[in-house]
Every structure is written in C-alpha cells, then in structure tokens.
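Visitor: Let me give you the structure first, and then I'll get to my questions.
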Amino acid sequence: MRGSEVNPLSEDLWLEAARLQPPDTAKGVIAQAARHIPTSVRIWIKAADLETEAKAKRRVFRKALEHIPNSVRLWKAAVEIENPEDAKILLSRAVECCNTSVELWLALARLETYENARKVLNKARENIPTDRQIWTTAAKLEEANGNNHMVEKIIDRAMTSLSANGVEINRDQWLQEAMEAEKAGAIKCCQAIVKAVISAGIDEEDRKQTWIDDADNCAKEGAFECARAVYTFALAEFPSKKSIWLRAAYFEKNHGTRESLEAILQKAVAHCPKSEVLWLMGAKSKWMAGDVPAARGILSLAFQANPNSEDIWLAAVKLESENSEYERARRLLAKARASAPTPRVMMKSAKLEWALDNLEAALSLLEDAVKVFPDFAKLWMMKGQIEEQKKLLDRAVETYNGGLKKCPNSIPLWLLLSSLEERQNLLTKSRSVLERGRLKNPKNATLWLAAIRIEIRAGLKDMANTLMARALQECPNAGELWAEAIFLEARPQRKTKSVDALKKCEHDPHVLLAVSKLFWSERKIQKCRDWFNRTIKIDPDFGDSWAYYYKFELQHGTEQQQKELLERCVVAEPKHGEEWCRVSKDIANWCLKTDEVLRAVVKVLPTPI
347 MRGSEVNPLS
357 EDLWLEAARL
367 QPPDTAKGVI
377 AQAARHIPTS
387 VRIWIKAADL
397 ETEAKAKRRV
407 FRKALEHIPN
417 SVRLWKAAVE
427 IENPEDAKIL
437 LSRAVECCNT
447 SVELWLALAR
457 LETYENARKV
467 LNKARENIPT
477 DRQIWTTAAK
487 LEEANGNNHM
497 VEKIIDRAMT
507 SLSANGVEIN
517 RDQWLQEAME
527 AEKAGAIKCC
537 QAIVKAVISA
547 GIDEEDRKQT
557 WIDDADNCAK
567 EGAFECARAV
577 YTFALAEFPS
587 KKSIWLRAAY
597 FEKNHGTRES
607 LEAILQKAVA
617 HCPKSEVLWL
627 MGAKSKWMAG
637 DVPAARGILS
647 LAFQANPNSE
657 DIWLAAVKLE
667 SENSEYERAR
677 RLLAKARASA
687 PTPRVMMKSA
697 KLEWALDNLE
707 AALSLLEDAV
717 KVFPDFAKLW
727 MMKGQIEEQK
737 KLLDRAVETY
747 NGGLKKCPNS
757 IPLWLLLSSL
767 EERQNLLTKS
777 RSVLERGRLK
787 NPKNATLWLA
797 AIRIEIRAGL
807 KDMANTLMAR
817 ALQECPNAGE
827 LWAEAIFLEA
837 RPQRKTKSVD
847 ALKKCEHDPH
857 VLLAVSKLFW
867 SERKIQKCRD
877 WFNRTIKIDP
887 DFGDSWAYYY
897 KFELQHGTEQ
907 QQKELLERCV
917 VAEPKHGEEW
927 CRVSKDIANW
937 CLKTDEVLRA
947 VVKVLPTPI
C-alpha cells in the first residue's frame with residue numbers, strides 16, 4: 347500500500363496490493379486505483395472480478411467503458427455477462443467505438459437476424475476491408491439461409507476485394523479457412539474457397555502434384571469435403587489423368603459411400619476407357635454389393651474398351667466362378683485362351699478345372715501350357731501338386747525337376763520338391779535339393795529356413811542350430827530366420843535372442859510376430875496385444891500375424907475385441923504369410939472369403955509355449 351501511495355500510476359503495484367488484501371478491502375484498493383489510473387483495462391477487469399453479483403459487474407464495466415471506450419477486451423468482457431438482447435445493444439455501441447475489431451463485428455452479426463446480419467457484415471467490410479474472416483462469415487451466413495448461389499459469388503468477390511486492398515492471397519491460410527468452414531458444417535462455403543484459391547501462386551508444371559498433396563493433407567486433417575473439392579477441381583483440369591482418377595476413387599473407397607465411389611468410377615472410365623484398374627474397381631464395387639448383373643455389365647463394357655486385356659478376362663472369370671457360374675467361367679477362359687493366351691490365363695484355366703476336381707482336364711491343360719510357357723514357374727508347381735494329389739509321386743518329382751531346369755530361381759519349386767522327398771522319408775535327397783537351391787539362389791533366407799526345419803522335424807536340434815548360425819551369417823537381416831532363432835533357444839535365452847533380433851530387424855513383421863508370441867507364452871497379455879497391434883500395423887498384408895492375433899483374442903479377449911479384429915482383417919485383405927497361404931492356397935479352400943480363411947488358419951495354429 348505504501349508503494350502505491352509513492353507510485354500511484356503503477357498498475358502492477360495496485361494489482362499486487364489488491365491481490366494481497368481480503369476481498370472486501372481489495373475492492374476499496376481497486377476503487378482507489380481506478381481513480382488514479384482510470385485508463386487501465388487490467389484494473390477495471392480486476393474490479394469486475396471482485397464483484398460477485400452480475401448487476402455490480404455490469405455497473406463496473408459501464409463505468410470502465412466511459413473511461414476507455416476503445417478497449418476491445420472490456421467490450422468483450424462486458425458483452426459476455428449480458429443476455430442476448432442487451433448484448434446486441436452493447437455490441438452495436440462497441441462496433442461504433444472499436445470499428446476495426448473483427449471479433450466484435452462478427453459477434454454482433456451472430457446475434458442479429460439474417461437481414462440485419464447482412465447489413466452488419468457489409469458495414470464491417472467497409473470499416474475493415476482487409477480481413478478475410480468477414481467475407482467467409484458472410485458466405486456461411488448465406489449458406490445457412492439456403493442462398494447457395496450467393497456463396498461462390500461472395501468468395502470470388504472476397505478475392506477481388508482483398509487483392510485490391512493489397513492483401514496477399516495466402517493459399518495455405520485460405521485452405522485452413524476452408525477446413526474450418528467444413529467443421530462448421532458450411533460445405534458450400536468450403537467448396538467455394540477451395541475452388542477460388544486452389545490455383546493461387548502455383549506454377550503450371552507443379553499443379554498436379556501440389557493438388558494431390560493438398561487433397562492428402564485435407565484427408566489427413568479429416569476435412570473430407572475439402573479433399574473432395576480439390577479432386578473435383580483437379581479432375582476438371584486434368585480429365586485424362588488416370589493417376590488422379592485412381593486417387594479420387596481410393597479416397598471415396600476409404601472415406602465416401604459406395605454410391606460416391608461408383609459415381610466417380612463411372613466418370614473415370616468415360617475419360618480413361620483404357621485404364622483397366624478403374625473398370626475393375628467399378629465391377630468389384632457392384633459385385634461386393636451383391637449386384638452381379640451390374641458387375642457383369644461393367645466388365646462387358648470394359649471388354650469393348652480393352653478387347654485383349656488379361657486382367658479384365660480374369661476378373662470376369664473370377665466373378666462367374668465365385669458366383670458358382672462354372673460353365674460361364676469355362677466359356678470365358680476358352681475364349682481368353684483363343685484370343686489372349688497368356689501364362690496367367692492358362693494357369694487360371696487349369697486352376698478352375700482343378701478346383702472342380704477335373705484333375706485330368708487340369709493336367710492336360712498344364713501339359714500344353716508348360717510347353718508354350720516353360721519359364722512360368724506356377725504352371726510347373728500346379729502340375730506337380732496335381733500329380734501329388736493323384737499319388738503319381740515319381741511323375742511329380744519329374745515335373746518339379748523339369749520346372750527347376752527352366753526356372754532355377756523359383757523358390758517355391760525348390761521347396762515343393764524338397765518337401766515331397768522329405769515326405770517319402772528321403773531326408774538326404776531332401777537336404778541335397780535345398781543345398782542345390784541355395785547354390786543357385788545364394789543369400790535366400792527361405793531356403794535356409796526350410797533346411798533348418800527339416801533338421802528340427804528330424805529331431806536333430808544341434809544340426810539345426812549349426813545351420814541357423816550359418817544362415818544368419820549369410821542373411822544377417824532376414825526377419826524370418828531371426829523369428830525362428832528366437833524359438834530355437836531354450837526358454838531362459840529367448841528374451842536375449844529377441845533383443846538381438848529386434849536390433850537387426852526392428853521393422854520386420856516376422857520378428858515382431860515372434861516377440862508377440864513370446865509375450866503370449868509368458869502370459870503378458872497387454873504387452874502381447876500391443877506387439878500384435880504393432881505387427882499388423884507395420885504390414886497389414888501379412889496374414890500370419892492376423893491369424894495369431896485372432897487366436898490370442900479368442901483365448902484372452904472380449905467378444906467386442908474379437909469382432910473388431912475380424913472386421914479389421916477383412917478390410918486389410920491379407921494375402922501373404924506361410925500359415926495363411928498354406929490354407930488360402932489349398933485348392934480345397936479356393937472359394938473361402940478372408941474371414942473364413944482367418945478362422946481356418948486359427949484352427950491349425952499352435953498356441954505358443
């Protein structure tokens with residue numbers, strides 16, 4: 347108090363003096379302060395804070411505004427404690443006193459009726475011709491009152507007026523404004539802003555890439571309407587660019603509805619009829635929705651645009667065979683073999699016959715196929731597997747050897763031959779097949795792993811460990827080898843081995859899966875779940891991690907967790923993984939959907955111990 351007597355114009359001293367006093371005395375101190383420094387906003391605000399009744403607070407603010415009529419902070423504080431009608435009156439006075447405060451103008455516009463709000467915003471523009479927020483508020487106001495035709499006009503006028511008043515049109519700020527408009531539910535306003543600023547300040551040659559980046563950024567921020575508006579504009583500028591159509595289609599697939607996806611694909615194929623992938627996406631969308639005739643219709647149009655396209659032939663075959671229209675599928679394949687006899691068409695033809703148990707027909711097709719396409723390894727593999735199924739084991743060995751002469755780099759062929767020899771108890775032969783395979787394909791982790799597993803199955807653990815050491819020397823960063831090495835160790839050493847594995851292959855799904863299984867075997871439930879999530883995040887296409895995770899949830903999770911995981915797996919549509927492919931590639935399971943494959947894999951998986 348002595349300090350404030352000596353320095354009666356020090357705002358800080360008065361405020362500190364008031365803070366140290368009990369509330370009743372503090373009021374007196376602040377009243378004195380206000381007499382000495384009537385233009386201090388902070389002192390008047392403190393005076394209002396010390397009052398407990400709204401009426402008294404109002405009185406303080408009125409007095410304060412008599413002394414400092416141009417303080418935006420005081421006007422805002424005064425308005426906050428008023429009811430809407432009185433607030434409107436106060437704000438009308440406030441904008442007269444502080445006619446350059448955008449906040450006060452906008453607050454007044456929000457409280458007014460539509461007609462009056464328009465007048466307020468027009469006045470605001472006259473007083474502050476350089477602020478974009480007033481323009482966007484005007485556009486949102488028109489949209490909220492159903493005048494959509496006015497929105498674009500206002501935004502265009504904003505650009506012209508702001509530029510004329512020397513304001514730089516900052517693209518990033520305006521795009522942010524568009525996202526804010528979308529969050530506020532003003533979709534037309536956000537679209538108009540995007541359309542108006544999307545080309546601002548971009549070089550001709552950078553347009554396509556910049557717009558793609560803009561759309562990605564909007565999608566990341568959750569501003570899907572903004573992203574959609576960017577794509578719409580980009581496609582109008584580049585109607586024949588397949589890459590933009592594809593991105594727009596994937597965007598709709600992930601964030602839109604089935605209808606919006608099909609609408610964009612329809613436009614896409616009209617502009618890019620030679621793009622097979624766009625036709626196939628359209629057909630798949632119809633088929634997934636259960637509309638098989640529409641999917642057929644799309645594929646027949648696709649045929650007209652791309653008469654010899656292998657992908658479109660095979661998509662049509664898949665559609666018919668998965669809907670049990672086998673005769674139609676056969677006819678399509680026969681036509682395809684006549685007009686576009688590619689190795690894949692031959693393979694799918696044989697696969698259909700094999701799946702329908704017409705083994706003779708399948709073999710006959712494959713015999714012709716390997717003569718025409720001897721370097722397509724899958725044909726040899728299928729031929730050998732069918733011969734194995736028919737118990738013609740010598741012929742199967744012959745086929746695999748014939749295939750390896752033509753395709754020495756096909757790892758699955760080496761594995762099939764080795765596995766067949768092992769099943770006939772010809773361990774030495776099986777080992778030598780893999781040895782030959784490694785000579786032809788050095789540094790191949792899969793062949794090393796197969797050799798190690800032969801020794802494990804034969805009960806020769808020392809031999810397996812020796813091979814593992816050699817394998818890791820040759821392939822030090824192979825995740826599948828490290829994953830196996832962890833479980834080759836005795837239980838106490840596994841943790842140490844897993845640390846080594848993670849140092850070498852930090853982001854390898856095989857290693858992450860092995861660590862997840864390790865926590866599972868130690869009953870560390872939450873840690874195990876966290877690691878499983880990391881595994882499927884790092885490689886959603888790796889089916890084994892989904893299967894083990896689902897088995898884990900079936901044992902330790904709730905029904906809700908199991909259901910969620912199953913849905914996520916169906917969306918990810920995994921295609922790879924040793925255990926996964928063993929089930930999904932089995933000809934008996936050729937019609938299984940992703941969720942059915944998952945359940946089938948789970949049944950054969952062991953629980954980690």
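So for the sequence shown, the numbering used here puts the first residue at 347; every next one is plus one. We put the CB at the ideal spot given by N, CA and C, even for glycine. Keep in mind that this is a model prediction, so the values were computed, not measured.
Of the residues Leu-624, Lys-534, Arg-875, Glu-924, which one's Cα is nearest the Cα of Ala-829?
Guide: Glu-924
Visitor: Helix, strand or coil for Phe-722 per DSSP?
Guide: Of the three classes helix, strand and coil, the one that applies to Phe-722 here is coil, per DSSP.
Visitor: What's the gap between the Cα of Asp-740 and the Cα of Ile-757?
Guide: 21 Å
Visitor: Which residues in the same chain as Val-576 place their Cβ atom closer than 7 Å to its Cβ, once the five residues preceding and following it in sequence are excluded?
Guide: Counting only Cβ-Cβ distances below 7 Å, and skipping sequence neighbours, we find Val-540, Ile-544, Trp-557, Asp-560, Ala-561, Cys-564.
Visitor: If we call anything under 7 Å between Cβ atoms a contact, is Arg-803 one with Leu-793?
Guide: no
Visitor: Measuring alpha carbon to alpha carbon, tell me which residue in Gly-748, Leu-773, Thr-482, Val-779 is nearest Leu-761.
Guide: Val-779
Visitor: Quick check on the DSSP output: the alpha helix (DSSP H) that includes His-853 runs from which residue to which?
Guide: Taken as a continuous stretch (DSSP letters only), His-853 belongs to no alpha helix (DSSP H), as it is neither H nor E.
Visitor: In the structure shown, what three-state DSSP assignment does Phe-833 receive?
Guide: helix
Visitor: Determine the closest residue to Glu-852 out of Ala-836, Leu-834, Gly-825, Trp-866, with distance taken between C-alpha atoms.
Guide: Gly-825
Visitor: Would you list the one or two residues that DSSP bridges to Trp-495?
Guide: The question names Trp, but residue 495 in the sequence shown is His. The partner list for His-495 (beta bridge, DSSP) is empty, contrary to what the question assumes.
Visitor: Contact check, Met-693 vs Arg-683 under 8 Å by CB: the rounded distance?
Guide: About 11 Å; that fails the 8 Å criterion.
Visitor: To the nearest angstrom, how far is it from the Cα of Ala-546 to the Cα of Cys-572?
Guide: 16 Å
Visitor: Within 10 angstroms of the Cβ of Arg-777, are there 16 or more other Cβ atoms? Answer buried if so, exposed if not.
Guide: buried
Visitor: Give me the Cα-Cα distance between Thr-482 and Gln-537, rounded to the nearest whole angstrom.
Guide: 12 Å
Visitor: State the start and end residues of the unbroken alpha helix (DSSP H) segment that holds Lys-588.
Guide: 588-601
Visitor: So Leu-813 is in the alpha helix (DSSP H); what residue range does that whole segment cover?
Guide: Unbroken alpha helix (DSSP H) run through Leu-813: 807-820.
Visitor: Relative to the alpha-carbon of Gln-735, which residue among Gly-531, Ala-810, Ala-723, Ala-708 has its alpha-carbon at the smallest distance?
Guide: Ala-708
Visitor: Secondary structure at Phe-649, three-state DSSP: helix, strand or coil?
Guide: It is helical.
Visitor: Could you give the DSSP three-state label for Phe-579: helix, strand or coil?
Guide: Correct three-state label for Phe-579: helix.
Visitor: Using CA coordinates, which residue listed in Met-809, Leu-813, Lys-752 is at the minimum distance from Lys-786?
Guide: Lys-752
Visitor: First and last residue of the alpha helix (DSSP H) that includes Arg-914?
Guide: 905-918
Visitor: Could you compute how far the alpha carbon of Glu-622 sits from the alpha carbon of Tyr-672?
Guide: Their backbone Cα atoms lie some 24 Å apart in a straight line.
Visitor: On the premise that Trp-926 lies in contact with Gly-314, defined as a C-beta separation below 8 Å, what is that separation, rounded to the nearest angstrom?
Guide: Outside the shown range of the chain (347 to 955) lies residue 314, about which nothing can therefore be said.
Visitor: Count the other CB atoms within 10 Å of the CB of Val-845; is the residue buried (16 or more) or exposed (fewer)?
Guide: exposed
Visitor: Rounded to a whole number of angstroms, what is the C-alpha to C-alpha distance between Met-814 and Arg-945?
Guide: 32 Å
Visitor: Rounded to whole angstroms, what is the Cα-Cα separation between Val-947 and Ala-524?
Guide: 48 Å
Visitor: When the Cα of Lys-613 is compared with those of Leu-592, Asn-600, Lys-630, which residue comes out closest?
Guide: Leu-592
Visitor: Should Cys-874 go down as buried or exposed, given a rule of 16 or more other Cβ atoms within 10 Å for buried?
Guide: buried
Visitor: Determine, using beta carbons only, whether Leu-611 and Ala-595 come nearer to each other than 7 Å.
Guide: yes
Visitor: Which residues in the same chain have their Cβ closer than 8 Å to the Cβ of Asp-941, if we skip the five residues on either side of it in sequence?
Guide: Leu-912, Cys-915, Val-916
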